Structure formats: C-alpha cells, structure tokens
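Asks: Residue numbering for the sequence shown follows this note's numbering, starting at 58 and increasing by one per position. The C-beta atom is built at its ideal place from N, Cα and C for all residues, glycine as well. Owing to the predicted nature of the structure, the values given are computational and were not obtained by experimental measurement.
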Amino acid sequence: TILVLLLLCLSFFDTVSAQPLSRKVTVAYKNQSIRYILADISKKQNVNFSYSNNVVPLEKKVTVSAKEKPLSEPFQSSFGWHIVKFIDRYPVKTQMEMQSELEGKIGKDDRSKLIAASMSEKLHKKYKVKKNEKMLKAVKATVNDDFYKMQWKKPVDLSPYNDKLLTVQDSSYTGAMFLNYLNIRQKAGHTEKPIGKLVDVLYEKYVDEQLNSYYKGDLEKEFPEFAAVMDEYRDGLLLFDLMEKEIWQRSKTDWVGLQKFYEQNKSKYVWKNRADVIIASSTDQKVIAEAKKMLQKNAVAEALKMKFNTKEKINVMTTSGQFEEGNDALPKGMQFKEGVSDVLKDGEYYFVVRVNKVLPAAPKTLEEAKGRAINDYQQYLEENWVKDLRNEFSVKVNTANFEALKKEMKQ
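#1: Would I335 be called buried (16 or more neighbouring beta carbons within 10 Å of its own) or exposed?
#2: With DSSP run on the structure shown, which of helix, strand or coil describes W209?
#3: Go ahead and pull the three-state DSSP assignment for P281.
#4: In angstroms, rounded to a whole number, what distance separates the CA positions of S177 and Q152?
#5: Around the C-beta of T58, are 16 or more other C-beta atoms found within 10 angstroms, so that it is buried, or is it exposed?
#6: Per DSSP, what kind of secondary structure is P217 in: helix, strand or coil?
#7: Could you tell me the boundaries of the beta strand (DSSP E) in which T376 lies?
#8: Please state if the CB of P420 and the CB of Y326 are separated by a distance shorter than 8 Å.
#9: Can you tell me the Cβ-Cβ gap for N189 and D220, rounded? I've got them flagged as a contact below 8 Å.
#10: Per DSSP, L416 forms a beta bridge with which residues?
#11: Can you tell me where the alpha helix (DSSP H) holding K262 begins and where it ends?
#12: Taking the alpha-carbon positions, what's the A174 to Y260 distance?
#13: Starting from the C-beta of L438, find all residues in its chain whose C-beta is less than 8 Å away, skip the five residues before and the five after it, and write them out in chain order.
#14: For the beta strand (DSSP E) holding K187, just list the boundary residues, first then last.
#15: How would you write the range of the alpha helix (DSSP H) that L462 sits in, first residue to last?
#16: Let me make sure I understand the geometry here. Which of S338, Q435, F380, Y184 has the alpha-carbon closest to that of G274?
#17: Could you tell me the distance, in whole angstroms, from the CA atom of K323 to the CA atom of Q435?
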C-alpha cells in the first residue's frame with residue numbers, strides 16, 4: 058500500500074563551522090526530544106533552524122517509522138544538518154474521496170479549457186443568445202472595489218434589476234439573478250482590473266454557464282435515443298415506487314393479510330418426513346467406526362469433536378439438527394428409522410448417522426413458512442393489482458407491430 062507520510066523536518070544551518078554543529082545535532086538526537094532540540098539549538102549563536110512538513114530536497118534516504126524509529130539519525134545535505142520526525146501516515150484516498158480535487162485539477166488544465174472554449178463557441182452558434190447591454194451597465198454600476206476584498210454587498214432592493222439581462226432561446230435571466238451570481242462568487246485572487254473588466258469576465262462566464270445549463274436541459278429534444286432511455290428510466294422508477302407501495306412493503310407489514318393468505322393456502326406449506334439426527338463424517342474409516350460406538354452410547358456431537366480432533370488436525374466433522382427427507386446434508390443410503398446407522402461411504406468420506414427421532418409429514422406454522430409465504434403473498438398481491446389495472450384501464454395491442462418486433466428480436 059502506498060502511504061503519504063507526514064514528517065517534521067528539523068534543519069540546522071551553522072554559518073561558522075559544520076563540525077561543531079554536527080556534534081550538537083547528535084546530542085539532540087540522542088536525547089530523542091524535539092522540544093530539547095529546539096530549546097538547546099536555538100540558544101546557540103550563529104545556528105539557524107527550521108521545522109516544517111515541507112522537507113528540503115534531500116540527497117540521501119531517510120528512515121523513520123511509527124514505533125521502532127520515530128526520529129531519523131542526524132544527516133547532512135548541501136542545505137545543512139537535518140533530523141526527520143515521523144508524525145503520521147495517511148493511506149491514498151479513494152477515487153470517490155478525491156473526486157472533487159481531481160475535477161478541480163482537470164478543470165484548470167489547459168486541455169480542459171480548450172474543450173470548454175470549443176463547446177462555448179458551438180453553443181453560441183447553436184442557440185439564439187440575446188444580451189441586454191443597458192441592464193449589464195446598470196449591474197456594473199453597483200459593483201465596486203470592495204468585491205476584491207469580499208466585502209461588496211449587492212443592492213438591498215433588486216426590483217430595478219428585474220428586467221431581462223440575458224435570453225437563451227426561450228429562457229430568460231434577469232439582472233437580479235446575475236447580481237446574486239456575483240454575490241456568491243466573491244473570492245480572493247481576482248486579478249482582472251478595473252472592476253468593470255472583472256464584471257465583464259464574470260458575465261461571460263455566467264453566459265457560458267447558462268448556455269451549458271440550457272444545453273443539458275435540451276438533450277432529450279436533441280437526441281431522441283437519449284430521450285427514449287430517459288423515459289424508460291423514469292418509467293422504471295415510477296414502477297418501482299408503485300411496486301414498493303402496493304406489493305413489497307405491504308407484504309411485509311400487512312400481517313393480518315398474510316395470516317389470512319396462509320390459512321387459505323396452508324396445504325402448500327408442509328414439512329416432508331423429517332429426522333432429528335447427528336451426522337459424523339471422516340475420511341478415516343477407523344475414526345468413523347469409533348464414532349459409531351460412541352453414538353451408540355448416546356454421545357453428543359461435542360464429545361465426538363473433543364475425542365478425535367486436535368488443534369493441528371480435524372479428524373471428524375459433525376452436523377446436528379432436523380432435516381427433511383432428501384436434504385443434501387443427509388448421506389446417501391441413510392434410512393429414516395431411529396437408531397445408529399451402518400457406516401456409509403460417499404466418495405472419499407465415511408458417514409455414520411444417529412437418528413434420535415423421526416418426524417412424520419406435518420403442516421408448517423406461519424413462522425416456519427414465513428419466507429416462502431411472504432414471497433407467495435407478494436405474487437398474489439401483484440396478480441390482483443394487475444387485474445385491477447386491467448379492469449380500470451383499456452389496453453389495445455397493435456398486433457402487427459408486436460409480431461414485427463418479435464421477428465426483429467429473434468434476428
């Protein structure tokens with residue numbers, strides 16, 4: 058795993074003699090105390106030190122670790138003497154965590170700016186853009202140099218700026234909307250001067266953003282295939298919400314309805330013949346023979362494991378519980394009768410089974426049949442819901458088109 062290490066680098070610069078300073082740094086290192094280093098070295102004249110997490114370029118590898126060696130040994134570079142202290146380590150962030158940072162870097166890249174400029178040019182040609190220079194002039198008159206200090210305040214009364222400033226096709230944007238845009242984009246670092254020029258730059262950016270927004274909202278008109286996909290997506294969400302409300306959630310919460318459905322369909326939820334068993338299995342026939350003797354003496358599964366298994370090796374495996382006839386957990390050839398079976402062989406394994414009790418076929422309780430009953434109840438609710446929809450709405454199928462579609466799907 059690649060790690061980012063946060064290091065504290067102490068750098069010492071002796072303007073008179075490197076040798077005496079090396080001894081001072083070594084003493085500080087042996088003390089293993091950053092505070093001592095700072096206090097001791099700073100007392101000495103003509104010695105300068107600095108500490109930061111921006112380590113100066115080093116000509117040699119520095120070894121530090123969280124526990125074994127939190128301080129590096131003193132070492133010299135062309136910049137001076139250094140000690141590096143380990144502070145913390147951070148794993149590389151996930152793509153999701155770095156997404157906004159990566160998007161910001163991509164947005165500042167020259168290639169990204171070229172793509173944005175090209176897109177802006179295409180959209181200006183594609184859509185009808187109308188600008189109201191008179192309103193822009195009125196807006197500019199409200200902005201002063203406080204904007205550079207993030208202290209500018211938009212007019213309290215925005216009603217004089219409610220006229221159209223910009224129109225893109227059939228969408229209009231007022232001067233008041235642009236003033237709100239300016240208000241939230243005050244930040245340090247604006248370099249365009251005078252202030253009127255900066256407002257012009259931000260206005261062009263605002264125009265580009267509205268063009269992009271209009272373009273994104275117009276995608277379905279622009280691309281019929283995309284519109285079809287979006288319609289399918291919206292229909293799917295609508296159907297999901299309806300199914301959740303009418304069927305899935307209801308089948309889980311309508312306990313009275315579920316009980317009634319269970320009582321009406323009780324014959325579907327029946328146990329086959331079952332046996333309460335202890336099954337022992339092993340690849341060693343002798344072990345199974347011994348296990349059989351223990352089972353005949355009413356030994357429990359835990360006793361078998363304690364007898365034959367060690368930390369190094371598992372000689373016998375056990376399974377206990379009630380199993381229906383035909384269950385995969387039961388070895389082939391097992392008979393449903395009380396008592397201990399003969400040793401059975403299946404592949405490389407030997408089995409012996411003790412049948413404690415045989416349980417005849419019987420109805421399952423609702424609790425025992427709950428999973429399957431809920432699933433069946435969901436299907437029942439869905440079928441009734443579809444019937445109600447068919448009764449409420451008339452459906453006509455264009456048979457010719459349907460048959461043509463079937464042929465096309467087969468190709």
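Replies: In short, the structure shows the following:
#1: It counts as buried.
#2: Assigned with DSSP and collapsed to three states, W209 falls in coil, not helix or strand.
#3: The answer is helix: DSSP assigns P281 an H, G or I state.
#4: Each residue's Cα considered, the two are about 29 Å apart.
#5: Only weak support is given to the placement of T58: the predicted model assigns it a pLDDT of 33, under 50, and the value that follows is read from those uncertain coordinates. It counts as exposed.
#6: Three-state result, P217: helix.
#7: Segment 374-381, the beta strand (DSSP E) holding T376.
#8: In this structure, P420 lies closer than 8 Å to Y326 by Cβ.
#9: Yes, N189 and D220 are in contact; Cβ-Cβ is about 7 Å, under 8 Å.
#10: According to the DSSP secondary-structure assignment, L416 is paired through a beta bridge with R331.
#11: From DSSP, the alpha helix (DSSP H) with K262 extends over 252-274.
#12: Rounded to the nearest angstrom, the two C-alpha atoms are 15 Å apart.
#13: Contacts found: E303, I304, R307, S308.
#14: 186-188 is the span of the beta strand (DSSP E), which, as asked, contains K187.
#15: Element bounds for L462: 456-467.
#16: Answer by Cα proximity: Y184.
#17: Going by the C-alpha atoms only, they are around 16 Å apart.
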